[in-house]
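A.B. asks: Following my numbering, the residues of the sequence shown are numbered contiguously, the last one being 224.
Idealized CB from N, CA, C, for every residue including glycine.
Note that the coordinates shown come from a computational prediction; the quantities given were computed from them, not determined experimentally.
Mind having a look at this structure? Questions to follow.
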Amino acid sequence: TRIAKEMGLSGPALYRYFTGRDDLLNALIRDAYDDAAAAMARAAARSAKGSRGVRARLHDLAEAYRAWAVAEPHRYLLLQGAPIPGYVAPPDTLERARAVLGPFLPLFATGNPGPAVAATVDEMTAWLTAEESVRAWVAQYAPEAAEATEPAEAAEVTGAGGAVTAAAAHALAGAVLAWAQLHGSVSLEVAGQFAGMAHRGGTLLGAQMELLADAFGLE
Numbered sequence: 006t007r008i009a010k011e012m013g014l015s016g017p018a019l020y021r022y023f024t025g026r027d028d029l030l031n032a033l034i035r036d037a038y039d040d041a042a043a044a045m046a047r048a049a050a051r052s053a054k055g056s057r058g059v060r061a062r063l064h065d066l067a068e069a070y071r072a073w074a075v076a077e078p079h080r081y082l083l084l085q086g087a088p089i090p091g092y093v094a095p096p097d098t099l100e101r102a103r104a105v106l107g108p109f110l111p112l113f114a115t116g117n118p119g120p121a122v123a124a125t126v127d128e129m130t131a132w133l134t135a136e137e138s139v140r141a142w143v144a145q146y147a148p149e150a151a152e153a154t155e156p157a158e159a160a161e162v163t164g165a166g167g168a169v170t171a172a173a174a175h176a177l178a179g180a181v182l183a184w185a186q187l188h189g190s191v192s193l194e195v196a197g198q199f200a201g202m203a204h205r206g207g208t209l210l211g212a213q214m215e216l217l218a219d220a221f222g223l224e
């Protein structure tokens, strides 16, 4: 009903355009993912134009993610909040979700992960080896990782699904860890859980990104 009112329609009139609740949710979720992905792509393009180092670009992307979520709290929570009972998102939303995180991949492809994230890199290597769609995602946003030529980056692990470069595993591990940090901090901020505390959400997120950059040896 609230959505219908914002569109200048009655509740029943809204369903002239959608077959039911799930069809409406599909449209809202697709639109939100596409909007968030566009914001991240714009931020990545702006950041890459300057002479900023990889670490600084990581902060740029993290802040762009946070800025979109804070500006669009209801849409963010639709994507990242509690699951809606009985609702199953269509398969194409996975690609849209990956588009939001895609700009992080090339940043971590250049990294030199330390012991703190070694286990995650190993697990991401296994995921890449097993799933072609994940390899394609990394190759789309970090083609240099999939085709690494430097000896340290080109070290390959071969499994049932094919060969995976170390750089590709670094890219995926970093992007997944960045998402986990972003999701935790930004979701708490958007849900109002920082109310009454002295820090700003951006300050906390910045500290988390510094720790992640250190873990991957980003310059």
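Please list, in chain order, all residues of the same chain as Y92 whose beta carbon is under 7 Å from its beta carbon, the five residues on each side excluded.
C.D. replies: The answer, listed in chain order, is D27, L30.
A.B. asks: Note the first and the last residue of the continuous alpha helix (DSSP H) segment covering E128.
C.D. replies: First-last of the alpha helix (DSSP H) with E128: 123-135.
A.B. asks: How big is the Cα-Cα spacing for P88 and A218?
C.D. replies: The straight-line gap from Cα to Cα measures roughly 31 Å.
A.B. asks: If we count the other Cβ atoms within 10 Å of its Cβ and call it buried at 16 or more, is D97 buried or exposed?
C.D. replies: Flag for D97 reads exposed.
A.B. asks: Give the DSSP bridge partners of T115, in chain order.
C.D. replies: In DSSP, T115 forms no bridge with anything.
A.B. asks: Can you tell me where the alpha helix (DSSP H) holding V93 begins and where it ends?
C.D. replies: First-last for V93: undefined, no H or E at that position.
A.B. asks: Taking the continuous alpha helix (DSSP H) assigned at T208, which residues delimit it?
C.D. replies: Start and end: 206-220.
A.B. asks: Does the distance from the C-beta atom of H175 to that of V126 stay below 8 Å?
C.D. replies: A contact, by the Cβ cut-off of 8 Å.
A.B. asks: How is F109 classed by DSSP in three states: helix, strand or coil?
C.D. replies: Note: F109 maps to helix in three-state DSSP.
A.B. asks: Determine the DSSP secondary structure at L193, reduced to helix, strand or coil.
C.D. replies: Here L193 sits in helix by DSSP.
A.B. asks: Using the Cβ count rule (16 or more neighbours within 10 Å means buried), how would you classify A123?
C.D. replies: Label assigned to A123: exposed.
A.B. asks: Does the Cβ-Cβ distance between A104 and A42 come in under 8 Å?
C.D. replies: Going by C-beta atoms, A104 is nearer than 8 Å to A42.
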